[in-house]
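Numbers 317 to 475, taken from the working numbering, label the letters of the sequence shown in order.
I have placed the structure first, in the form of structure tokens, so that the comments after it can refer back to it.
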Amino acid sequence: MSKDERASWNAGHESGYAGSYASNDDDNRVSAQKEHIMANRAVLVPGPDHPISIEANPSRVMVTVGGNIIADTRDSLTLREASYPPVQYIPRRDVDMAALAQSEHMTYCPYKGEASHYSLPAGGERCLNAAWSYESPFEAVAEIKDYVAFYPQRVDEIR
């Protein structure tokens, strides 16, 4: 891992994740490095010192960017984690996945696992890595598999 990649890893994640990793290097090298990093990551179970709850949200949730509806559902899950603000996870079936472009940016949470990130090209630079999804979440949060969440400050509105 290069000095710059280590700096990116150590910088952490704005929402309390343990670290992030992105690289523009050769795919094989990146894959090997990610496997090495994953093998050395802590896996923690939610508990009294770091509670996580997931509840069905019966309210309608919509995400908009540039006047376009990116997600619209009545089947979101509200994830509450420790002292962080609640996050709405929206089923992929209710997200316009064609409006999202998967980025190389990955983050890791020792309680949830590795998250893939997505940008919204129509929203410009503000919408880089605006959404994330846990493709293989840890068992304690398995319910969020196949769901997408959005950073409120990187989209126009989540309501």
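A virtual CB, placed ideally from N, CA and C, is assigned to each residue, including glycine.
Being a predicted model, the structure only gives us computed values, none of them experimental.
Asked, Found
"Whose CA, out of T380, E371, S452, lies closest to the CA of P468?", "T380"
"Does DSSP put R408 in a helix, a strand or coil?", "helix"
"Does the pairing of the region 368–378 with the region 395–404 give three or more beta-carbon distances under 8 Å?", "yes"
"So, is W406 buried or exposed, given that buried needs 16 or more other C-beta atoms within 10 angstroms?", "In the sequence as displayed, the identity of residue 406 is Ile instead of Trp. Buried, because 16 or more other Cβ atoms sit within 10 Å of the Cβ of I406."
"Excluding sequence positions up to five away, which residues of its chain have a Cβ less than 8 Å from the Cβ of R408?", "S449, D462, Y463, V464"
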